[in-house]
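Chemist: Mind having a look at this structure? Questions to follow.
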């Protein structure tokens, strides 16, 4: 659950939409793990995509 919290915290603090690579780089997590967490966040509708391959926290 710590990766979930780390990715969610990243999106809450991010000032611009980010892709999985940027999230992985900033959090120190593996990109595959970040993709799994982002998929879960998308299903929970906590993040949205303003443009292709970039995500941000739902406001």
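In full-length UniProt numbering, the protein residues as written are 1 to 59.
Backbone N, C-alpha and C define an ideal beta-carbon position, used for all residues, glycine too.
For the 8 Å Cβ check, are there 3 or more pairs between the region 41-48 and the region 24-32?
Modeler: Contact fails: fewer than three Cβ-Cβ distances are below 8 Å.
Chemist: So the candidates are 21, 13 and 26; which of them puts its Cα closest to the Cα of residue 59?
Modeler: Within the chain shown, residue 59 is the residue found at index 59, counting from 1. Checking every option, the nearest Cα to that of residue 59 belongs to 13.
Chemist: Note down the Cα distance separating residue 16 from residue 9, rounded to an integer number of angstroms.
Modeler: Taking the chain shown and counting its residues from 1, the one referred to as residue 16 is at position 16. Taking the chain shown and counting its residues from 1, the one referred to as residue 9 is at position 9. Computed Cα separation, rounded: 14 Å.
Chemist: Span of the beta strand (DSSP E) holding residue 32?
Modeler: Residue mapping note: residue 32 aligns to position 32 of the chain shown, counting from 1. Element bounds for residue 32: not the beta strand (DSSP E) but the alpha helix (DSSP H), 31-43.
Chemist: Could you have a look at residue 22 and say whether DSSP puts it in helix, strand or coil?
Modeler: Here residue 22 corresponds to residue number 22 of the chain shown, with the count starting at 1. Helix.
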